[in-house]
Amino acid sequence: MNTANTLDGKFVTEGSWRPDLFKGKVAFVTGGAGTICRVQTEALVLLGCKAAIVGRDQERTEQAAKGISQLAKDKDAVLAIANVDVRNFEQVENAVKKTVEKFGKIDFVIAGAAGNFVCDFANLSPNAFKSVVDIDLLGSFNTAKACLKELKKSKGSILFVSATFHYYGVPFQGHVGAAKAGIDALAKNLAVELGPLGIRSNCIAPGAIDNTEGLKRLAGKKYKEKALAKIPLQRLGSTRDIAESTVYIFSPAASYVTGTVLVVDGGMWHLGTYFGHELYPEALIKSMTSKL
Numbered sequence: 427m428n429t430a431n432t433l434d435g436k437f438v439t440e441g442s443w444r445p446d447l448f449k450g451k452v453a454f455v456t457g458g459a460g461t462i463c464r465v466q467t468e469a470l471v472l473l474g475c476k477a478a479i480v481g482r483d484q485e486r487t488e489q490a491a492k493g494i495s496q497l498a499k500d501k502d503a504v505l506a507i508a509n510v511d512v513r514n515f516e517q518v519e520n521a522v523k524k525t526v527e528k529f530g531k532i533d534f535v536i537a538g539a540a541g542n543f544v545c546d547f548a549n550l551s552p553n554a555f556k557s558v559v560d561i562d563l564l565g566s567f568n569t570a571k572a573c574l575k576e577l578k579k580s581k582g583s584i585l586f587v588s589a590t591f592h593y594y595g596v597p598f599q600g601h602v603g604a605a606k607a608g609i610d611a612l613a614k615n616l617a618v619e620l621g622p623l624g625i626r627s628n629c630i631a632p633g634a635i636d637n638t639e640g641l642k643r644l645a646g647k648k649y650k651e652k653a654l655a656k657i658p659l660q661r662l663g664s665t666r667d668i669a670e671s672t673v674y675i676f677s678p679a680a681s682y683v684t685g686t687v688l689v690v691d692g693g694m695w696h697l698g699t700y701f702g703h704e705l706y707p708e709a710l711i712k713s714m715t716s717k718l
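Numbered per our numbering, the sequence shown spans residues 427 to 718.
This is the structure we're talking about:
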């Protein structure tokens, strides 16, 4: 595990949040074995929350849950639920049932399962496009739908993991941009429809986060040096930045915040994208020409 992408006790002892902020709360997290969602879950658990980590790959899911559980005072505070494809509603629904059987309820939901790859439109197959939309958008719908009854009981909160790709044209990312735009729309709709039930619905949109797979796929070799010119805060983001923002969204401090997309990118999207810069336009034209 990359130590730059994990938290420890200092998140509490040297951080902004009180240690028992989420004591008695339960989180349901899809995509929890991935880098960003795992660290989001670490933050919640460090602050007293119990969590169900839901994923497709059994080994990765169990390893993530085991690692996160080491951060909890209660070593039985993290449940691994593997072999769950978020595209299958019944599988997600069963994961919810297992979570409630284990912990009794669900207060927080992180819909973070996602699929991505680098591909231009000319080479993007209908099946590949559908796969990303199904995992990201349909998977988010299934997650929210399966958790709805429990969220109604707890007057809970759901956080969708989005992106900023659809704010501007990002080469090789049309499939992801389309899916994430749908997630933003869904989150806002749920904020309106579920608000009267006491349920909050928001999105978090990470920008360029250092030491993550997404950054590696989209960045050129000299990305880190050149990217800073496109980030007003003059640094790449960290998974801790996302964790801190996640804690805020679920905390009482955000009790009047719903229907919002919290962009955590150092202001980058206001200056346009740097993603794919070294591939555009020469590599893009070459790739598309070979197909057309």
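We put the CB at the ideal spot given by N, CA and C, even for glycine.
Contacting residues, own chain, Cβ-Cβ under 8 angstroms from residue i (five flanking each side not counted)
| i | result |
| --- | --- |
| L497 | L433, D434, G435, E468, V471, L472 |
| L550 | G600, H601 |
| V683 | R626, N628, I675 |
| S557 | G541 |
| I462 | G538, V587, P632, I635, T638, T665, I668 |
| F529 | V452, K476, A478, L505 |
Local conformation of residue i per DSSP, three classes
| i | result |
| --- | --- |
| L447 | coil |
| K379 | A query on residue 379 cannot be resolved here, the shown segment of the chain reaching from 427 to 718 and no further. |
| A453 | strand |
| V558 | helix |
| V510 | coil |
| V526 | helix |
| I462 | helix |
| P658 | coil |
| V596 | coil |
| N637 | coil |
| G698 | coil |
| T467 | helix |
| T487 | helix |
| L612 | helix |
Delimiting residues of the alpha helix (DSSP H) encompassing residue i
| i | result |
| --- | --- |
| I380 | Coverage of the chain is limited to positions 427 through 718, which leaves residue 380 absent and any answer about it impossible. |
| I532 | First-last for I532: undefined, no H or E at that position. |
| K579 | 565-580 |
| L710 | 708-717 |
| F543 | Careful: F543 lies outside any alpha helix (DSSP H) and carries neither H nor E. |
| E670 | 665-676 |
| V683 | Segment: none, V683 is in no alpha helix (DSSP H) and carries neither H nor E. |
| T590 | No alpha helix (DSSP H) contains T590, which DSSP labels as neither H nor E. |
| F547 | It is not in any alpha helix (DSSP H) - F547 carries neither H nor E in the DSSP assignment. |
| F437 | 436-439 |
Delimiting residues of the beta strand (DSSP E) encompassing residue i
| i | result |
| --- | --- |
| I587 | Correcting the residue identity first, residue 587 is Val in this sequence and not Ile. Counting along the chain, the beta strand (DSSP E) containing V587 begins and ends at 583-587. |
| V504 | 504-507 |
Cross-strand partners of residue i (DSSP beta bridge)
| i | result |
| --- | --- |
| P632 | V690 |
| G474 | In DSSP, G474 forms no bridge with anything. |
| I536 | V455, L585 |
| G481 | Beta-bridge pairing links G481 to no other residue. |
7 angstroms CB neighbourhood of residue i in its chain, flanking five on each side removed
| i | result |
| --- | --- |
| S588 | K606, I609, D610, C629, I630, A631, V687 |
| S677 | L447 |
Own chain partners of residue i with C-beta closer than 6 angstroms, once the 5 adjacent residues on each side are dropped
| i | result |
| --- | --- |
| A537 | T456, S566, T569, F586 |
| R482 | D511 |
| G685 | K614, A617 |
| A491 | I479, V504, A506 |
| E524 | This sequence places Lys at residue 524; Glu is not what is there. I507, listed in sequence order. |
| E521 | It should be pointed out that residue 521 corresponds to Ala in this sequence rather than to Glu. The residues are V480, I507, V510. |
| I657 | G692, M694 |
CB contact below 8 angstroms: residue i versus chain D
| i | result |
| --- | --- |
| T684 | Absent from the structure is chain D; it holds one protein chain and no more. |
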